[in-house]
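Student: Residue numbers for the first sequence follow the working numbering, so the first one is 158 and each next one is one higher. All residues carry an ideal CB built from backbone N, CA and C; glycine is no exception.
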Amino acid sequence: MERKYIPSEIEDKWQKYWEEEKSFNVTEDPGKEKYYLLEMFPYPSGKIHMGHVRNYTIGDVVARYKKMKGYNVLHPIGWDSFGMPAENAAIDHGVPPAKWTNENIDTMKKQLKKMGFSYDWDRELSTCEVKYYKWEQLFFLWMLDNGLAYKRGATVNWCSKCQTVLANEQVEAGLCWRCGTEVDEEYFEQWFFQITRYVEELLEYCDKLPGWPERVLTMQKNWIGKSHGCEIVFPMADSDDVIKVFTTRQDTIFGATFMLIAAEHPLVMELTKGKPIEQDVRNYVERVKKQDKLMRTSDYYEKEGIFLDAYCLNPVTEQRMPIYAANFVLADYGTGCVMAVPTHDQRDFEFAKKYGLELIVVIDNPDSSLDAETMTEAYIDEGILINSGQFNGMENLKALDSIAEHLESLGRGRKTIEYRLRDWGISRQRYWGAPIPVVYCEKCGMVPVSESDLPVILPADVALTGAGGSPLARLSSFVETVCPNCEGPAKRETDTMDTFVESSWYFDRFCCPHFDEKPGLDKKSLDYWMPVDQYIGGIEHAILHLLYSRFYTKMLRDFGVIDVDEPFTNLLTQGMVCKETMRCKEHGYLYPDEVQDGKCTRCGLEINIGKTEKMSKSLKNVVDPEYLIQKYGADTARMFCLFASPPEKDLEWSDQGVDGSFRFINRVWRIIIDYLDDIKGIEPFDGTVDLDGDLKKLRKKVHQTIRKVTSDIEDRFHFNTAISAVMELVNTLYQVKRPDKAHATGLSVVKEAMNAIIILLNPIVPHVTEEMWEIIGGQGRLSDISWPTYDESVAAEEEITIAIQVNGKLRSRVQVSADEDEDRIKERALNDERIVKYTEGKTIVKKIYVPKKLVNIVVK
RNA sequence: GCCUGGGUGGCGGAAUUGGUAGACGCAAGGGACUUAAAAUCCCUCGAUCCUUGAGAUCGUGAGAGUUCGAUUCUCUCCCCAGGCACCA
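#1: Val973 bridges to which residues according to DSSP?
#2: Buried or exposed: which applies to Gly491, given that a residue is buried once 16 or more other Cβ atoms fall within 10 Å of its Cβ?
#3: Out of Ala986, Phe876, Val906, state which residue places its alpha-carbon closest to the alpha-carbon of Asp849.
#4: Mind listing, in chain order, the continuous alpha helix (DSSP H) runs of no fewer than 4 residues lying wholly within the segment 768-824?
#5: To the nearest angstrom, report how far apart Thr996 and Val1016 are at their CA atoms.
#6: With a threshold of 8 Å, are at least 3 pairs of Cβ atoms found where one atom belongs to the segment 721-737 and the other to the segment 201-221?
#7: Quick check on Asn765: does DSSP put it in helix, strand or coil?
#8: Can you tell me the Cα-Cα spacing of Gly235 and Ser283, whole angstroms?
#9: Could you give the first and the last residue of the continuous beta strand (DSSP E) run that contains Ile1014?
#10: Let me check one thing: in DSSP terms, what residues is Ile520 bridge-paired to?
#11: Compute the beta-carbon to beta-carbon distance between Pro920 and Tyr289, rounded to the nearest angstrom, for a pair I have assumed lies under 8 Å.
#12: Pull up the distance between the alpha-carbon of Asn877 and that of Ala535, whole angstroms please.
#13: Please report the distance separating the alpha-carbon of Tyr399 from that of Val604.
#14: Taking the alpha helix (DSSP H) that Ala901 falls in, what are its first and last residues?
#15: Are Ala975 and Arg864 close, meaning C-beta to C-beta below 9 Å?
#16: Helix, strand or coil: which one does DSSP assign to Asn484?
#17: Taking Leu611 as the reference, which of Ser682, Asp528, Ala591, Cys601 has the closest Cα?
#18: Give the secondary structure of Ser609 by DSSP, where H, G and I count as helix, E and B as strand, and everything else as coil.
#19: Are at least three pairs of beta-carbons, each pair with one atom in the segment 904-918 and one in the segment 827-842, less than 8 Å apart?
#20: Buried or exposed: which applies to His385, given that a residue is buried once 16 or more other Cβ atoms fall within 10 Å of its Cβ?
#21: With three or more C-beta pairs closer than 8 Å as the rule, is the segment 693-712 touching the segment 778-793?
#22: Is the beta carbon of Phe667 sitting closer than 9 Å to the one on Phe725?
#23: Within this structure, are the beta carbons of Glu977 and Tyr1006 separated by less than 9 Å?
#24: Where do the N-terminal and C-terminal ends of the alpha helix (DSSP H) with Lys736 fall, by residue?
#25: Taking all protein chains shown into account, decide if Cys469 is buried (16 or more other Cβ within 10 angstroms of its Cβ) or exposed.
#26: For Asp279, does the three-state DSSP call read helix, strand or coil?
#27: Figure out for me which residue from Lys179, Lys267, Asn261 has the closest Cα to the Cα of Ile786.
#28: Run the proximity test for Thr264: is its beta-carbon closer than 8 Å to any non-hydrogen atom belonging to the ligand ATP?
#29: Taking a contact to mean a Cβ-Cβ separation below 9 Å, would you say Lys777 touches Met739 in this structure?
#30: Roughly how many angstroms separate the alpha carbons of Glu196 and Gly694, rounded to a whole number?
#31: May I ask which residues mark the beginning and end of the beta strand (DSSP E) holding Met496?
#32: Taking buried to mean at least 16 other C-beta atoms within 10 Å of its own C-beta, is Arg453 buried or exposed?
#33: Can you tell me which of the three DSSP states Ser559 falls into?
#34: What separation, rounded to the nearest whole angstrom, lies between the Cα atoms of Leu606 and Cys640?
#35: Return the residue from the list Gly493, Leu516, Met393 that minimises the CA-CA distance to Asp502.
#36: Is the separation between the beta-carbon of Leu557 and that of Glu539 shorter than 9 Å?
Shown next, in the form of structure tokens:
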């Protein structure tokens, strides 16, 4: 019987089946162990791209595998549907954001369904829907109540194009991370979430997340940036005022010879008030403020400052220290003032040289003594304290504590802890986000919307023109309201929330997406499903999204909504999908289908192959998943994504590699069709007969493959090697001499092998394996079947190869039975004729035996 | 500049705890089948050398070190990617 592999027919058939049967829908089942698998949900930008395909394929393999292992698997999907692109589309094309967003969701949902992912679609959610964000507004009220949400004035990064505030983290090289416009500084009243209240716990749990990649935890720790140091008080030389400084280097206090203040610090103008230099200083400050952006983006920056005609005293030496305003000191870290130690800080050194300031060496280089007169750069390594009073002779790091204590005893300092992490600014002057439930009353001031008045619904009838300011602020029907307190006239808050707020709890909502009672999260469901057992997503979210989600989880825990401390037990960060770029001299970057035989299809010029970079629309080095599905089918797309590299590494796109994956699926398909008539009614081998030759070898390979594939998926998500193992099994099957029609035992061994191949491949290529299972007469549906087990005694090798080395170099090999004892093996090694050549006339110093692997003979 | 990863054949990658480097796939070459081509099936495939062998030497970015033995551990350096950026 001839039957061709036609992916589209098979895939349509099984996708329909899964959907009708609701094969992947789940409910809480206390009798079954749960497994919550989650991939980072997509922003509905228009169409799915290869990054989505890879992310969701990796997740789907794990979900299907865990289901076959007997877990109750929750595998949901939804839409992170608030955000700027929808608003930009509205401005550019006049499409209402809700319409644009929902149409994109429809398109992408169809595309995801074509990939055959095993989602519980009944749990689908979209964060722009009122029934989602109304609970977020409730949480906001609770946060406001206990001070976790607060408002304060702050200078912020302002993007004039997006007309919105950007977090520091959202500014890239001085440009808006979304649109690339240069960022200005503006002053606004802003809403903040007090993430810093949880800073210690967030840091502490970095060491309690063994299932997270080390480098993500390192990045989070660095982001939090805890540093132990010292607040030091410097008395002013000519008044009773003081200047406070934070430092981690109090060991260098005896070498502090001048004081630096951030140019924009208010103290700068205070100190110079009424002095002749006041105007010069003001000019300088204005200049630095303007230079600010440039300063942050340039590689090399001249350190400069201006003397403020003021002095303070070194708190331990009482020496007068001139005070300078400087361009390289930041106003919002520490106190905005820095004690300068030019001998042991390179920036201070350059500054001192420029302005002819005093240098005192206080840490001596143990290898060669330092001389302040001749040194050409700061000495920043460890050493022995000198010129430091009673601390002379101590190792500088060991003196940190004693010097801090000394300062404390003088009343001129105390030990402190500083963090780099700042509170999370969530205000956005944008339309397409969740409204902040607050009103402003002329009499009562800022008043929270009362819980019974929630939700504050985002109005649909908004004109988006792109003109400055918040679109909501111009909509009087939204703005004008009554005060919940005095019932007088009031105005609504028109800022909306950062979309990172929605993505900080969507994984909770997936546990109970239809729960409609306060607080929108069903404790029973959360207790069963949370935490997420495996979270999968791009490395680009290593800090912000993950840190915010951790914070939000701890906060909800303290509100009594949830019982877990951390949302994600295990985290897998997958690499990017990359492809070479192609350029035509005439037409710039080209899409793959604009190139034929190395030439531009428009002008015929030779194209240049550029370097391999992350797939992006701007470089046009993209592959459309839809085209791939059309040409090869979803199963091939899935297999290639998994086979080309392990998940955590970047994946380099290769059209030929895709062909290879397609060929392999065909190769499996062909041998099954080929054997079909002989094999259909045959039961898989039951182990009751002794086998030999090809059949024995095949059966051994089957059991070894089950062992290998199981551990590759279970222990380390290395699907590429799992697929390799199945390829080897298929190769072995091809090499077996075909058993005669009447040879029932032989056919039963073949049948066992085929069953194994089909089941092991099922999580990877679910459609074609389901079809093959049906053709071959398998019981039930693969989506309900158990993962196969292997027989260790069948998988075990009877004969093993022992490598023989002489002085660590491979010289020979011997075949021995697996249970051969050490002495016999050493004896055979020594008597091996190729080994004798190397040992003749030499003394054998020792013999090293590594069980089941090798013998190393050391000779002299 | 700092932090974090990484560097293995013509290419993607494998080697899981310090123990036979290069599994599997792609590309390439050869053979079978075919009137022919495609497809398919089978074989070869790190480099160099010669005496063509169950051969020798070299070989995991470079150099050193530890070890009987290093792709794996340590140090120095080079290159690539990502993140952060004057954080005192």
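Tutor: Walking through what the data contain:
#1: Along the first sequence, read from residue 1 onward, the residue named residue 973 stands at position 816. Val973 pairs with Ile957.
#2: To locate residue 491, count along the first sequence from 1; it is residue 334. Buried is the call here.
#3: What you label residue 849 is simply residue 692 of the first sequence in a count that begins at 1. Considering only alpha carbons, the answer is Val906.
#4: 782-789, 791-800
#5: To locate residue 996, count along the first sequence from 1; it is residue 839. To locate residue 1016, count along the first sequence from 1; it is residue 859. Thr996 and Val1016: Cα-Cα distance of roughly 7 Å.
#6: yes
#7: For the purposes of this step, residue 765 is taken as the residue at position 608 of the first sequence. If DSSP states are grouped into helix, strand and coil, Asn765 belongs with the strands.
#8: Counted from its first residue, the first sequence places residue 235 at position 78. Counted from its first residue, the first sequence places residue 283 at position 126. Whole-angstrom Cα-Cα distance: 6 Å.
#9: Residue numbering aside, residue 1014 sits at position 857 when the first sequence is read from its first letter. Counting along the chain, the beta strand (DSSP E) containing Ile1014 begins and ends at 1011-1016.
#10: For this step, residue 520 is matched to residue 363 along the first sequence. Partner residues in the beta bridge of Ile520, as assigned by DSSP, are Leu542.
#11: Mapped onto the first sequence, residue 920 falls at position 763. Mapped onto the first sequence, residue 289 falls at position 132. No, Pro920 and Tyr289 are not in contact; Cβ-Cβ is about 31 Å, not under 8 Å.
#12: Here residue 877 corresponds to residue number 720 of the first sequence, with the count starting at 1. Here residue 535 corresponds to residue number 378 of the first sequence, with the count starting at 1. C-alpha separation (whole angstroms): 51 Å.
#13: As a first step, residue 399 must be located in the first sequence, where it is residue number 242. As a first step, residue 604 must be located in the first sequence, where it is residue number 447. The sequence shown places Val at residue 399, not Tyr. Roughly 39 Å between the two C-alpha positions.
#14: Taking the first residue of the first sequence as 1, we reach residue 901 at position 744. Where Ala901 is concerned, the enclosing alpha helix (DSSP H) stretches over 901-918.
#15: On the first sequence, residue 975 is found 818 positions in, with the first residue counted as 1. On the first sequence, residue 864 is found 707 positions in, with the first residue counted as 1. Contact flag unset, no.
#16: The residue labelled residue 484 in the question sits at position 327 within the first sequence. Three-state DSSP puts Asn484 in coil, outside helix and strand.
#17: For the purposes of this step, residue 611 is identified with residue 454 of the first sequence, where counting begins at 1. Comparing Cα positions, the closest option is Ala591.
#18: Translated into the one-based positions of the first sequence, residue 609 becomes position 452. Looking at Ser609 - three-state DSSP - the assignment turns out to be helix.
#19: yes
#20: Working through the first sequence from its first residue, we reach residue 385 at position 228. Its Cβ having fewer than 16 others within 10 Å, His385 is exposed.
#21: no
#22: Mapped onto the first sequence, residue 667 falls at position 510. Mapped onto the first sequence, residue 725 falls at position 568. Against a cut-off of 9 Å, the Cβ pair of Phe725 and Phe667 comes out as no contact.
#23: Here the question's residue 977 lines up with position 820 in the first sequence. Here the question's residue 1006 lines up with position 849 in the first sequence. No, the Cβ-Cβ distance between Glu977 and Tyr1006 is not below 9 Å.
#24: For the purposes of this step, residue 736 is taken as the residue at position 579 of the first sequence. Note, Lys736: premise wrong, no alpha helix (DSSP H); beta strand (DSSP E) at 734-741.
#25: Here the question's residue 469 lines up with position 312 in the first sequence. Under this definition Cys469 is a buried residue.
#26: For this step, residue 279 is matched to residue 122 along the first sequence. If DSSP states are grouped into helix, strand and coil, Asp279 belongs with the helices.
#27: The residue labelled residue 786 in the question sits at position 629 within the first sequence. Selected option, being the one with the closest Cα: Lys267.
#28: This structure does not include the ligand ATP; it has no bound ligands of any sort.
#29: Residue 777 sits at position 620 when you count from the first residue of the first sequence. Residue 739 sits at position 582 when you count from the first residue of the first sequence. In this structure, Lys777 places its C-beta atom within 9 Å of the C-beta atom of Met739.
#30: Start at 1 with the first residue of the first sequence, and residue 196 comes out as number 39. Start at 1 with the first residue of the first sequence, and residue 694 comes out as number 537. Pairing Glu196 with Gly694, the inter-Cα distance amounts to about 6 Å.
#31: Position 339 of the first sequence, counted from the first residue, corresponds to residue 496. It spans 494-497 - the beta strand (DSSP E) in which Met496 sits, taken as one unbroken run.
#32: Counting from 1 along the first sequence, the entry for residue 453 is found at position 296. Low confidence applies here, because Arg453 scores a pLDDT of 42, under 50, leaving its location unreliable and the question unanswered by this model.
#33: The sequence position of residue 559 within the first sequence is 402, counting from 1. Correct three-state label for Ser559: helix.
#34: Within the first sequence, numbered from 1, the residue matching residue 606 stands at position 449. Within the first sequence, numbered from 1, the residue matching residue 640 stands at position 483. A small correction: the amino acid at residue 606 is Val; Leu does not occupy that position in the sequence shown. The alpha-carbon atoms of Val606 and Cys640 are separated by roughly 8 Å.
#35: Along the first sequence, read from residue 1 onward, the residue named residue 502 stands at position 345. Measuring from the Cα of Asp502, the nearest candidate turns out to be Leu516.
#36: The count along the first sequence starts at 1 and reaches residue 557 at position 400. The count along the first sequence starts at 1 and reaches residue 539 at position 382. No. Outside cutoff.
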